[in-house]
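Engineer: Under the working numbering, think of the first position of the sequence shown as 7, with each following residue one higher.
Even glycine gets a Cβ: it sits at the ideal position worked out from N, Cα and C.
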Amino acid sequence: MRKIPSRSTSLMLASVSCLGLLAVAACGTSSDASADGDSAVNGKTGQASPNAPTRTDLTVGFVPKQVGTPYFDVADLGGKHAVTGLGSTFEEVGTDDGADSAAQASRLNALIQQDVDAIAVSAQDPKALCPTLRQAGDADIDVVTYDSDTDPECRDIFISPASAEDLAVRQLEELGKQTGYKGEFAILSAARTATNQNTWIGYMKHELKDPRYKHMTLVDVAYGDDEAQKSYDEARKLLQTHPKLKGIISPTTNGIKAAAKYLSASRFKGEVKLTGLGAPNDMRQYVKDGTVEAFLLWDPAKLGELAGRAAIALASGQITGREGQMFLAGDMGWFEVAAGGVVTLGEPTVFDATNIDNYDF
Ligand code: RAM
């Protein structure tokens, strides 16, 4: 049984904090929750107190979209540091297939059988994991999504790397700058079902209606399933199918790396522009050899750390996932739960030849 502080304990802790030095907003959060007894998106009821003691000896399971890929290795290491640093046990389970949501569901099931306290998952599909995540909720397991969300009603909190709309707009703008806002371009995505990829692609399509993109045309969206060879082959096919292609946006670390590998050894190097979301260590050589000018990403370690801390905050009763609640994420400071149970890490970084050597992930 999990020991969420009782209503009276929560209220008492909240009143103590109101007198103390902790954030005033945190004080208001608890009383908001107590006023209407609202529940979080995954059906949790009861109070949240940002000042409830952080529980230890919990077990938090991380299920990335894919194991053995640098982006999630770094993210989950961030989660591990957060969870173990708070006195709990971290466990990562996953599949190396970047598009197999059934395998993800079976890993989640194993964590439910194991009766972990909280789960953090990067969803390969918005719907496919829902039945399993609901079972987790029924078993009183707190559910965090990070990087890629499920349907909001199937989790407590989504840790978003940055505003999804902003990320999409910035990638499009980056390609626009590099191509003079002209010509045909394509998107090389990850899994066809991936929530984060499809959300960004949706925002890009919407942004394309802006008059400054009137000379840019999206001619294709290809899916490399976050596999190196498949992404490479899809990049090659895009160039073959669309001889007038001027650019590719690949909003996936695996996709952009594979496309850069293909372009760097092709006659299109430097001519066909490539941008999107990439890891500096993957992309360094392609920035230095002139294949890629600039791309974006956030710090995956911080994303994982925030997911780990949110999982512990949920399991400690400091938050339930309701809008307006706040939790302290160590040195990263206080984070607020926004509408829909979304917590945003921050702003992405743009990497290019001037700064790429300052980053090591
Ligand atoms: C890949 C995955 C992940 C995405 C990053 C940018 O590693 O598709 O979900 O957020 O790229």
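#1: Sorry if obvious, but does the Cβ on Tyr365 come closer than 7 Å to a heavy atom of the ligand RAM?
#2: If you follow the alpha helix (DSSP H) that Phe78 is part of, which residue opens it and which one closes it?
#3: Which first and last residues belong to the alpha helix (DSSP H) in which Asp121 is found?
#4: Quickly, what does DSSP pair Ala300 with across the bridge? List them, please.
#5: Between Lys71 and the ligand RAM, is there a pair consisting of the residue's CB and a ligand heavy atom that are separated by less than 7 Å?
#6: So, for Ala335: in the same chain, excluding its five sequence neighbours on each side, which residues have a beta-carbon less than 6 Å away from its beta-carbon?
#7: Quick one: is the Cβ of Tyr187 within less than 7 Å of any heavy atom of the ligand RAM?
#8: Just verifying my parser: in three-state terms, what is the DSSP assignment at Ile147?
#9: So, does the stretch 239–258 touch the stretch 190–209, judging by three or more C-beta pairs under 8 Å?
#10: For a test of your reading of the model: does the CB of Ser237 fall under 7 Å from any non-hydrogen atom of the ligand RAM? Yes or no.
#11: Taking only the alpha-carbon atoms, compute the straight-line gap between Ala142 and Ala111 and give it to the nearest angstrom.
#12: Report yes or no: do three or more beta-carbon pairs, one from the stretch 147–163 and one from the stretch 184–191, lie closer than 8 Å?
#13: Given the structure, does Thr75 come close to the ligand RAM, in the sense that its CB is under 7 Å from one of the ligand's heavy atoms?
#14: Measuring only the C-alpha atoms, how far is Ile362 from Leu280?
#15: For Gly296, is the classification buried or exposed, using 16 other Cβ atoms within 10 angstroms of its Cβ as the cut-off for buried?
#16: Give me the residue from Pro56, Glu179, Met210, Gly261 with the minimum Cα distance to Thr75.
#17: Can Phe333 and Pro56 be called in contact, C-beta distance under 8 Å?
#18: Check Lys279 in the structure and name its three-state DSSP category.
#19: Report the option in Leu181, His212, Ser154 whose CA atom is closest to the CA atom of Leu252.
#20: Pull up the distance between the alpha-carbon of Ile318 and that of Arg176, whole angstroms please.
#21: Glu97 bridges to which residues according to DSSP?
#22: Can you list, in chain order, the residues of its chain whose CB lies under 6 Å from that of Phe68, leaving out five sequence neighbours each side?
#23: The ligand RAM and Pro257: does the residue's C-beta get closer than 7 Å to at least one heavy atom of that ligand?
#24: In angstroms, rounded to a whole number, what distance separates the CA positions of Tyr238 and Tyr229?
#25: Return the CA-CA distance between Lys275 and Lys211, expressed in angstroms with no decimal places.
#26: Is DSSP giving Gly253 helix, strand or coil here?
#27: Count the other CB atoms, across all protein chains shown, that sit within 10 Å of the CB of Gly186; report buried if there are 16 or more and exposed otherwise.
#28: Can you give the Cα-Cα distance for Ala174 and Leu283, rounded to whole angstroms?
#29: Rounded to whole angstroms, what is the Cα-Cα separation between Met338 and Thr138?
#30: Is Ser128 near the ligand RAM, going by C-beta to nearest heavy atom under 7 Å?
#31: Between Thr247, Thr201, Gly208, Gly323, which has its C-alpha nearest Asp231's C-alpha?
#32: Starting from the C-beta of Asn287, find all residues in its chain whose C-beta is less than 7 Å away, skip the five residues before and the five after it, and write them out in chain order.
#33: Can you determine whether any heavy atom of the ligand RAM sits closer than 7 Å to the C-beta of Asn57, and answer yes or no?
#34: Note down the Cα distance separating Ser107 from Asp131, rounded to an integer number of angstroms.
#35: Can you name the start and end residues of the beta strand (DSSP E) that Tyr229 belongs to?
Structural biologist: Straight from the coordinates:
#1: Here residue 365 refers to the residue found at position 359 when the sequence shown is read from its first residue. No - the ligand RAM has no heavy atom lying nearer than 7 Å to the Cβ of Tyr365.
#2: Mapped onto the sequence shown, residue 78 falls at position 72. Its alpha helix (DSSP H) spans residues 76–91.
#3: Residue 121 sits at position 115 when you count from the first residue of the sequence shown. Per DSSP, Asp121 belongs to no alpha helix (DSSP H) and is neither H nor E.
#4: Position 294 of the sequence shown, counting from 1, holds the residue named residue 300. DSSP lists Asp358 as partners of Ala300.
#5: Counting from 1 along the sequence shown, the entry for residue 71 is found at position 65. Yes, the beta carbon of Lys71 sits closer than 7 Å to at least one heavy atom of the ligand RAM.
#6: Here residue 335 refers to the residue found at position 329 of the sequence shown. Leaving aside the five residues that flank Ala335 on each side, the residues in its chain whose CB is nearer than 6 Å to its CB run, in chain order, Leu312, Arg315, Phe341.
#7: Taking the sequence shown and counting its residues from 1, the one referred to as residue 187 is at position 181. No - the ligand RAM has no heavy atom lying nearer than 7 Å to the Cβ of Tyr187.
#8: Start at 1 with the first residue of the sequence shown, and residue 147 comes out as number 141. If DSSP states are grouped into helix, strand and coil, Ile147 belongs with coil.
#9: By the Cβ criterion, the stretch 239–258 is in contact with the stretch 190–209, since at least three pairs of Cβ atoms, one from each stretch, lie closer than 8 Å.
#10: For the purposes of this step, residue 237 is taken as the residue at position 231 of the sequence shown. In this structure, Ser237 has its beta carbon at no less than 7 Å from each heavy atom of the ligand RAM.
#11: Start at 1 with the first residue of the sequence shown, and residue 142 comes out as number 136. Start at 1 with the first residue of the sequence shown, and residue 111 comes out as number 105. Ala142 and Ala111: Cα-Cα distance of roughly 11 Å.
#12: No, the stretch 147–163 does not touch the stretch 184–191.
#13: The residue given as residue 75 occupies position 69 in the sequence shown. Thr75 has its CB nearer than 7 Å to a heavy atom of the ligand RAM.
#14: One-based indexing of the sequence shown puts residue 362 at position 356. One-based indexing of the sequence shown puts residue 280 at position 274. When rounded, the separation of the alpha-carbon atoms in Ile362 and Leu280 is 16 Å.
#15: For this step, residue 296 is matched to residue 290 along the sequence shown. Exposed is the call here.
#16: The sequence position of residue 75 within the sequence shown is 69, counting from 1. Nearest C-alpha to Thr75 among Pro56, Glu179, Met210, Gly261: Gly261.
#17: As a first step, residue 333 is located in the sequence shown; it is residue number 327 there, counting from the start. As a first step, residue 56 is located in the sequence shown; it is residue number 50 there, counting from the start. Pro56 sits close to Phe333, with the two beta carbons spaced by under 8 Å.
#18: Counting from one through the sequence shown, the residue named residue 279 turns up at place 273. Annotated three-state conformation of Lys279 is strand, per DSSP.
#19: For the purposes of this step, residue 252 is taken as residue 246 along the sequence shown, with counting starting at 1. It is Lys, not Leu, that sits at residue 252 in the sequence shown. The candidate whose alpha carbon is nearest that of Lys252 is Leu181.
#20: Counted from its first residue, the sequence shown places residue 318 at position 312. Counted from its first residue, the sequence shown places residue 176 at position 170. The alpha-carbon atoms of Ile318 and Arg176 are separated by roughly 32 Å.
#21: In the sequence shown, residue 97 corresponds to position 91, counting from 1. BP columns for Glu97 point to Gly67.
#22: Residue numbering aside, residue 68 sits at position 62 when the sequence shown is read from its first letter. Correct list, in chain order: Asp82, Gly85, Glu98, Ala126.
#23: Taking the first residue of the sequence shown as 1, we reach residue 257 at position 251. Checking every heavy atom of the ligand RAM against the Cβ of Pro257, one is found closer than 7 Å.
#24: Residue mapping note: residue 238 aligns to position 232 of the sequence shown, counting from 1. Residue mapping note: residue 229 aligns to position 223 of the sequence shown, counting from 1. In this structure, the alpha-carbon of Tyr238 lies about 10 Å from that of Tyr229.
#25: Counting from 1 along the sequence shown, the entry for residue 275 is found at position 269. Counting from 1 along the sequence shown, the entry for residue 211 is found at position 205. Cα-Cα distance, rounded: 26 Å.
#26: As a first step, residue 253 must be located in the sequence shown, where it is residue number 247. Correct three-state label for Gly253: strand.
#27: Position 180 of the sequence shown, counting from 1, holds the residue named residue 186. Gly186 is exposed by the Cβ-count criterion.
#28: The residue labelled residue 174 in the question sits at position 168 within the sequence shown. The residue labelled residue 283 in the question sits at position 277 within the sequence shown. The alpha-carbon atoms of Ala174 and Leu283 are separated by roughly 10 Å.
#29: Within the sequence shown, numbered from 1, the residue matching residue 338 stands at position 332. Within the sequence shown, numbered from 1, the residue matching residue 138 stands at position 132. Whole-angstrom Cα-Cα distance: 31 Å.
#30: Position 122 of the sequence shown, counting from 1, holds the residue named residue 128. Yes - the ligand RAM has a heavy atom lying nearer than 7 Å to the Cβ of Ser128.
#31: Start at 1 with the first residue of the sequence shown, and residue 231 comes out as number 225. Ranked by how close their Cα comes to the Cα of Asp231, the residues Thr247, Thr201, Gly208, Gly323 have Thr201 in first place.
#32: Working through the sequence shown from its first residue, we reach residue 287 at position 281. Contacts found: Pro76, Asp366, Phe367.
#33: Residue 57 sits at position 51 when you count from the first residue of the sequence shown. Shortest gap from the CB of Asn57 to any heavy atom of the ligand RAM: 7 Å or more.
#34: Here residue 107 is taken as the residue at index 101 of the sequence shown, counted from 1. Here residue 131 is taken as the residue at index 125 of the sequence shown, counted from 1. Distance between the alpha carbons of Ser107 and Asp131 is about 6 Å.
#35: Taking the first residue of the sequence shown as 1, we reach residue 229 at position 223. Where Tyr229 is concerned, the enclosing beta strand (DSSP E) starts and stops at 222–229.
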